[in-house]
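Right, dumping it as structure tokens:
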């Protein structure tokens, strides 16, 4: 007794280098296996795999149309194969349409979608990508008809959406291309833009504290203020400060401790 798997193998036949008519006939046989409710999972998997290999030249033919656009040919074939798989899963033999005719738009569409998605420097929702393309087409049409650039409201009426959506779609165009930090700023020659960016300044972390301390320090007694400035702004030791101010080192220590505690309390309360 012949098993279902053997029956499937007989139906699949040999896909190696068939002629045009043989390829069409073989393709129909494979789709018949996919449509057969009695086909085993192995039959289905084998038929689908052979359909992919049988129509891979079609994918390569479509991919060649997009060569020299910055993407490796192998990547384009891989993306186009996704479109081929989608076409195989959706194809209905009863429609009477050649599979190659049915699959070609899907394969090309998948490759175009790849370029559209890869062209955006910042990831933008598909909805905004498509809206931007519609805005571009409508803008050209309305400009020719009106003799001027259309307003966002006119575009919104043309596309049947809100003005806010038009503005959002126009702003999304800023994410389509960005300037490399290695590129020179306009008019600056070969100087990389990166060199014009500010570096990290550790002093910025203390700006808020310094600005908060200024009025508190200004409110100190003259001698306490002098001792504080000598210690923290001129980096003098307590002995040096004592000699400068004319008091004992112990007294300088007590004044510093009291003054710092007062400033700390004032900052916390503020």
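Numbering (my numbering), first residue to last: 11 to 280. We put the CB at the ideal spot given by N, CA and C, even for glycine.
By Cβ distance, which residues of its chain are closer than 8 Å to residue i, with the 5 residues on each side in sequence left out?
i	result
residue 86	73, 76, 77, 121 and 124
residue 250	240
residue 271	none
residue 97	109, 112, 113, 116 and 117
residue 160	148, 149, 152, 153 and 168
residue 248	241, 259, 262, 263 and 266
residue 62	91, 94, 95 and 98
residue 252	258, 259, 261 and 262
residue 246	240 and 254
Closest to residue i by CA distance: which of the options is it?
i	options	result
residue 57	68, 37 and 47	37
residue 243	260, 93 and 227	227
residue 118	137, 109, 100 and 91	91
residue 163	83, 156, 174 and 88	174
residue 95	82, 83, 84 and 60	60
residue 170	155, 99 and 144	144
residue 180	155, 140 and 157	140
residue 79	126, 223, 232 and 43	126
residue 232	255, 245 and 220	255
Going by other Cβ atoms of all chains shown within 10 Å of its Cβ, with 16 needed for buried, is residue i buried or exposed?
i	result
residue 274	exposed
residue 142	buried
residue 262	buried
residue 258	exposed
residue 93	buried
residue 177	exposed
residue 198	Reliability fails at residue 198, whose pLDDT of 47 lies under 50, so the model's placement of it is uncertain and no value is given.
How close, in whole Å, do the beta carbons of residue i and residue j come, if the pair is a contact with beta carbons under 8 Å?
i	j	result
residue 269	residue 234	5 Å
residue 83	residue 41	Contact flag wrong, Cβ pair sits at about 28 Å.
For residue i, which residues from the same chain have a beta carbon less than 7 Å from its beta carbon, with the 5 sequence-adjacent residues on both sides left out?
i	result
residue 265	234 and 237
residue 276	226
residue 172	166
residue 223	273
residue 221	none
residue 137	none
residue 33	64
residue 35	none
Sorted by chain position, which residues of the same chain lie with C-beta nearer than 6 Å to residue i's C-beta, five sequence neighbours on each side aside?
i	result
residue 46	none
residue 279	none
residue 89	120, 121 and 124
residue 229	none
residue 81	none
>> Under 8 Å, with one C-beta from each stretch per pair, do the stretch 101-121 and the stretch 147-157 reach the 3-pair mark?
In response: They do not touch, by the three-pair rule.
> Would you call the stretch 61-69 and the stretch 45-53 in contact, with 3 or more CB pairs under 8 Å?
Replying inline: In short, these stretches do not touch, since the Cβ pair count stays below three.
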